[in-house]
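Undergrad: First the structure, then my questions, so here it is.
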Amino acid sequence: MFGNIGWAEGLILILFWAAVLGIGLLVVLLLVRALSAGGTRPGEQAPRESALDILQKRYARGELSREQYQQMRQDLEGPQSTADTSRSPG
Numbered sequence: 024m025f026g027n028i029g030w031a032e033g034l035i036l037i038l039f040w041a042a043v044l045g046i047g048l049l050v051v052l053l054l055v056r057a058l059s060a061g062g063t064r065p066g067e068q069a070p071r072e073s074a075l076d077i078l079q080k081r082y083a084r085g086e087l088s089r090e091q092y093q094q095m096r097q098d099l100e101g102p103q104s105t106a107d108t109s110r111s112p113g
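For the sequence shown, the working numbering begins at 24 and goes up steadily by one.
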């Protein structure tokens, strides 16, 4: 298979390419893990958005009417003064 190359040189060649392939696979694996974890480090959790943050983003994107937004915000915040619910997010 290797022509005039001796068995020791052939073994070294096989080990070299196995190492190159292994390092390549390791790099790909680490990249996939880093990208799928959202860039967080091992043992570190991604920050979670609160329900109010999500609601404000949905309102900003136009997914909710003003009335829907105010009602959902009031539901999330609980009973508060009605003067506070007339404000728009900002």
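Using N, Cα and C, we set each Cβ at its ideal position, and we do this for glycine too.
Under DSSP, the alpha helix (DSSP H) around residue 77 begins and ends at which residues?
TA: Its alpha helix (DSSP H) spans residues 74-83.
Undergrad: What do you reckon, are the CB atoms on residue 95 and residue 75 nearer than 7 angstroms?
TA: The answer is no: Cβ separation not under 7 angstroms.
Undergrad: Whose C-beta lies closer than 6 angstroms to the C-beta of residue 48 among residues of the same chain, with five residues either side of it excluded?
TA: Cβ within range, chain order: n/a, list empty.
Undergrad: If you draw a straight line from the C-alpha of residue 44 to the C-alpha of residue 51, how long is it?
TA: In a straight line, the C-alpha of residue 44 is about 11 angstroms away from that of residue 51.
Undergrad: From which residue to which residue does the alpha helix (DSSP H) around residue 100 run?
TA: That run of the alpha helix (DSSP H) goes 89-100.
Undergrad: What residue does the alpha helix (DSSP H) around residue 32 start on, and which one ends it?
TA: First-last of the alpha helix (DSSP H) with residue 32: 30-59.
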